[in-house]
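Offset between the sequence shown (1-based) and the working numbering: plus 23.
By construction, the Cβ of each residue, glycine as well, lies at the ideal position given by its N, Cα and C atoms.
Read through the structure below, which is laid out as structure tokens, and then see the notes.
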Amino acid sequence: MPIEPTDIERLARILEQSGIDAIEIEQPGLSLKLTMDTGARVTTPAAVAPVQEHFVMAKANVAGHFLAAHPWRDKPFVAPGQRVEAGAIVGLVRIGLLYAPIVAPAAGTVDAVIAEAGTMVGYGTPIVRIRPLN
Numbered sequence: 024m025p026i027e028p029t030d031i032e033r034l035a036r037i038l039e040q041s042g043i044d045a046i047e048i049e050q051p052g053l054s055l056k057l058t059m060d061t062g063a064r065v066t067t068p069a070a071v072a073p074v075q076e077h078f079v080m081a082k083a084n085v086a087g088h089f090l091a092a093h094p095w096r097d098k099p100f101v102a103p104g105q106r107v108e109a110g111a112i113v114g115l116v117r118i119g120l121l122y123a124p125i126v127a128p129a130a131g132t133v134d135a136v137i138a139e140a141g142t143m144v145g146y147g148t149p150i151v152r153i154r155p156l157n
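Written out as structure tokens, the structure reads:
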């Protein structure tokens, strides 16, 4: 099935809106790679959660769908007010059949889970805001 210019335009809009910088699609006889220029991107203040200097962020290190809980469990990895250690798993990113952990960068208390479970996240997307221990 050939890719039409309207398909490429639609994919580019999706990339821009989701904050993902690149996508690559491969099929037999077809290879398409779209890369966004992040230097010119402008974000609206409503789309950016205010982050104060005394918080650290656990961020996604791959693009995929955010999972707050393991697929075999109902309980999320973390909740606001919960204490976490540096390196603790605070969520997962599902990429097809693979799951990549999102880890706490520092010990502290979970202030908020910013990402909504099931949403598409990109590399570097803030997932959990943590108030580090002093």
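Beta-carbon proximity check, residue i vs residue j, cutoff 9 Å
| i | j | result |
| --- | --- | --- |
| Ala138 | Thr148 | yes |
| Pro124 | Ile153 | no |
| Ala140 | Ala92 | yes |
| Gly145 | Ala83 | yes |
| Pro28 | Val79 | no |
| Ile150 | Ala86 | no |
| Met59 | Glu32 | no |
| Arg106 | Val126 | no |
DSSP state of residue i mapped onto helix, strand, coil
| i | result |
| --- | --- |
| Glu27 | coil |
| Ile118 | strand |
| Ala35 | helix |
Where residue i falls, given that 16 or more other Cβ within 10 Å makes a residue buried
| i | result |
| --- | --- |
| Ile37 | exposed |
| Ala111 | buried |
| Gly119 | exposed |
| Gly7 | With the chain covering 24 to 157 only, the question about residue 7 has no answer from this structure. |
| Ala102 | exposed |
| Ala45 | exposed |
| Asp30 | exposed |
Residue i versus the options, residue with shortest Cα-Cα distance
| i | options | result |
| --- | --- | --- |
| Leu121 | Pro99, His88 and Lys56 | His88 |
| Arg117 | Pro103, Pro94 and Val126 | Pro94 |
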